[in-house]
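Asks:
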Amino acid sequence: MKALGCPCIAKPSALLLSHIEPPICHPRLSPLFKIQNPHEYNWNKTIVSSFVNRTYVSPTRQTTSRNPKGAAPSRSSLYSRPSLLEMKNERAANRARVYEFLTGLGIVPDELDGLELPVTVEVMRDRVDFLHKLGLTIEDINNYPLVLGCSVKKNMVPVLDYLGKLGVRKSTFTGFLRRYPQVLHASVVVDLAPVVKYLQGLDIKPNDVPRVLEKYPEVLSFKLEGTMSTSVAYLIGIGVARREIGGVLTRYPEILGMRVGRIIKPYVEYLEELGIPRLAVARLIEKRPHILGLSLEELVKPNVDALFEFGVRRESLAPVVAQYPEILGHELRPKLQFQQSLFESIFGSFGSEETGRVIERMPQIISLSQSSILKHVDFLRVYCAFSIEQAKKMVVSCPQLLALNLDIMKLSFDYFQAEMGYDSEDLVAFPAFFTYSLESTIKPRYRMVAAKDLKCSLGWLLNCTEEKFRDRMKYDSIGIEEMEMEPSFDMTTLMKPREGESDSEDDEDSDADEYI
């Protein structure tokens, strides 16, 4: 005999305390109980049934009665999901409260539309307070309001921690963020670390990388294979030594952001037009890379025109620029007008021709102060007792006199008068005497000449190297051509190869003309 049971109950002996649906029995089996009219049955009552003399109790079940036609259904769940319209209205209300908060601080939120912002005012207040701690003002935030979209924990703190570990000083964070606030949006792994690695690959020392970033934080936004690589390749192509690239970029990292075809190449070609050889231009860039940042049309070309206007000869322009490239970065015309007026007030007459000769021999004259010029002219006039014409001739011939140490000039003049036995006109003819060291050059050479009882000019005595002077001491007489030497700037000194520099280094990558 087989016992038949309901398949929906595994253990009929168990006491069931959870809700169960009405049992659905096998069609061949009769139900344990029948409901004649299901709609009239009240499920709120406790159902007690018995299986094999066992009883179970089912919890009450609340059924939803049929709603009249057109009536809204009632909600039986404890949690109700808002509609899309309600969610949109809530977001708009939250954003309006955040905008109201920012407006109260003086921040203009017009550019924040469409930007993901904090839902609550409290979170936005934390962001603004954090930016204030970094030194940024309301004006700074208004200059780049999108910074308010950066999370403090997810964006700002990781970026600032990374910069700090590199060595960027906290005292520079304010200026750093004012120049390049977009860095707070960057990913350390994806955006910042590859740029730092690239800079180190350009022979920028690890200790210098943070200084480069402090000077030019915008470098963090450049693509590795874009402007940075082409500018470096062009400089190497014109003759800048590879081992000097790191130092050049450390002193003037803005080069990394310069376009070759628009900025660097036109500047180099213009200097070549002035008569400076390309290799000499490369040496100037190695020594003073900031000259590439001078505006060619707005500053350099007008300054060249001013030099011509004040008497500098075209053939002398290249040595002037090579001696003092910074001369192209000054507002020259007003400076030259001031200097010429000053010399006219001192010497009575001082035309553009004399001004041109002074600039050719000492371009740095444009930076000398009025007080320094007056003191040195007084020294020549009062202490040395030269006439106004003699002093003028000396200044035009050797304007370096106006920048020397007065105490050392006095010692040299005293020795000249007391020991050397030359006439004052000899000093007027060779005023560069004051530029030589008294102890290491003037005294030893004069003693050797005096010992041989030679009569020579001051120029023959001083204006030569030590090796050349020793050779002269072997002569029985003095050649006229050697007595008429005059110191001048030699352009070839800029193009001499350095020790260990091979010609192949200059020849390789010399296809700089391909950059457009």
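Each step along the sequence shown adds one to the number in our numbering, with nothing skipped, and position 419 is 583. Note that beta-carbon positions come from the ideal geometry of N, C-alpha and C, so glycine has one too.
1. I need the straight-line Cα distance from R255 to E382, nearest angstrom please.
2. Report yes if the C-beta distance between M573 and F543 is below 8 Å; otherwise report no.
3. Let me make sure I understand the geometry here. Which of L384, G268, E280, P563 has the alpha-carbon closest to that of I302?
4. Report the CB separation of A397 from I440 in whole angstroms; it is logged as a contact under 8 Å.
5. By how many angstroms is the C-alpha of V347 removed from the C-alpha of I305?
6. Run the CB neighbour count on G371, radius 10 Å, all protein chains shown included, and call it buried at 16 or more, exposed below.
7. With respect to the alpha helix (DSSP H) encompassing T267, which residues constitute its N-terminal and C-terminal limits?
8. Taking only three categories from DSSP, how would you classify F511?
9. Is it the case that the stretch 398-407 contacts the stretch 345-363, given that we only count it when at least three CB pairs across the two stretches are under 8 Å?
10. Assuming contact is defined by CB atoms lying nearer than 8 Å, are I530 and Q554 in contact in what I supplied?
11. Since L438 and L481 should fall inside the 8 Å C-beta cutoff, what is the C-beta to C-beta distance between them, to a whole number of angstroms?
12. Roughly how many angstroms separate the alpha carbons of Y579 and P595, rounded to a whole number?
13. Using CA atoms only, rank isn't needed, just tell me which of V592, E589, K557, S536 is closest to N569.
14. How big is the Cα-Cα spacing for D571 and V412?
15. Report the rounded CA-to-CA distance for N208 versus E250, giving the unit in angstroms.
16. N307 by DSSP, collapsed to three states: which one?
17. Can you give me the C-alpha to C-alpha distance between E433 and R478, rounded to a whole angstrom?
18. Put L506 into one of helix, strand or coil per three-state DSSP.
19. Tell me the rounded alpha-carbon separation between S351 and Y380.
20. Determine the direct distance from the alpha carbon of D590 to that of K557, and round the result to whole angstroms.
21. Using the beta-carbon count (16 or more within 10 Å), is Y547 buried or exposed?
22. Could you give the DSSP three-state label for M558: helix, strand or coil?
23. Suppose contacts are defined by Cβ-Cβ distances below 8 Å. Is T519 in contact with G475 by that definition?
24. Within 10 Å of its beta-carbon, does N253 have 16 or more other beta-carbons around it, so buried, or fewer, so exposed?
25. Going straight from the alpha carbon of K465 to that of K297, what length do you get?
26. Along the chain, where does the alpha helix (DSSP H) containing V366 start, and where does it finish?
27. To the nearest whole angstrom, what separates the beta carbons of F337 and M320, a pair I think is in contact under 8 Å?
28. Considering only C-alpha positions, which residue in the set L330, K429, L625, P563 is nearest to P374?
29. Once you ignore the five residues that flank L116 on each side, which residues in its own chain have a CB closer than 7 Å to its CB?
30. Compare the Cα-Cα distances from H349 to each of R289, H454, K318 and report the closest residue.
31. Label N307 either buried or exposed according to how many other C-beta atoms from any shown protein chain fall within 10 Å of its C-beta, with 16 as the threshold for buried.
32. What is the C-beta distance between L602 and S576, in whole angstroms, given that I count them as a contact (C-beta under 8 Å)?
33. For K638, count neighbouring C-beta atoms within 10 Å of its own C-beta (all shown protein chains included) and say buried if the count is 16 or more, exposed if not.
34. Within its chain, find whatever has a CB closer than 8 Å to the CB of F472; leave out the 5 residues flanking it on each side and keep chain order.
35. Taking the straight line between their C-alpha atoms, what separation do you get for R342 and G299?
Replies: Working from what's here:
1. Roughly 35 Å separates the two Cα atoms.
2. In this structure, F543 lies closer than 8 Å to M573 by Cβ.
3. It is G268.
4. That belief does not hold up - the Cβ atoms of A397 and I440 are roughly 22 Å apart, past 8 Å.
5. Going by the C-alpha atoms only, they are around 14 Å apart.
6. Here residue 371 is Asn; the residue named in the question, Gly, does not match the sequence. By the Cβ neighbour-count rule, N371 is exposed, with fewer than 16 other Cβ atoms within 10 Å of its own.
7. Its alpha helix (DSSP H) spans residues 248-269.
8. For F511, the three-state secondary structure derived from DSSP is helix.
9. These segments do not touch.
10. No, Cβ-Cβ distance for I530 and Q554 is not below 8 Å.
11. The Cβ separation is near 6 Å, so the contact holds.
12. When the Cα atoms are used, Y579 and P595 turn out to be separated by approximately 15 Å.
13. Selected option, being the one with the closest Cα: S536.
14. Between the alpha carbons of D571 and V412 lies a distance of about 37 Å.
15. With a pLDDT of 43 at N208, under the threshold of 50, the predicted position of this residue should be treated as unreliable, and no value is reported.
16. Correct three-state label for N307: helix.
17. Rounded to the nearest angstrom, the two C-alpha atoms are 17 Å apart.
18. DSSP places L506 in helix when its eight states are reduced to three.
19. Straight through space, the alpha carbons of Y380 and S351 are spaced by roughly 19 Å.
20. One alpha carbon belongs to K557, the other to D590, and they sit about 12 Å apart.
21. Counting C-beta atoms within 10 angstroms of its own C-beta, Y547 has fewer than 16 neighbours from the protein chains shown and is therefore classed as exposed.
22. Under the three-state reduction of DSSP, M558 is assigned to helix.
23. Yes.
24. So N253 ends up on the exposed side.
25. C-alpha separation (whole angstroms): 45 Å.
26. Val is not the amino acid found at residue 366; the sequence shown has Leu there. Here L366 belongs to no alpha helix (DSSP H), and DSSP marks it neither H nor E.
27. Their Cβ separation, rounded to whole angstroms, is 11 Å, which puts F337 and M320 out of contact at 8 Å.
28. Of L330, K429, L625, P563, the residue nearest in Cα terms is L330.
29. Limits of the chain in this structure are 165 at one end and 680 at the other, which puts residue 116 out of reach.
30. Comparing Cα positions, the closest option is K318.
31. Counting Cβ neighbours within 10 Å, N307 comes out exposed, since fewer than 16 surround it.
32. Indeed, because the Cβ distance is near 5 Å, the residues count as touching under 8 Å.
33. Under this definition K638 is an exposed residue.
34. In chain order, R478, L481 place their CB closer than 8 Å to the CB of F472, counting only its own chain and leaving out the 5 sequence neighbours on each side.
35. Taking the straight line joining both Cα atoms gives about 9 Å.
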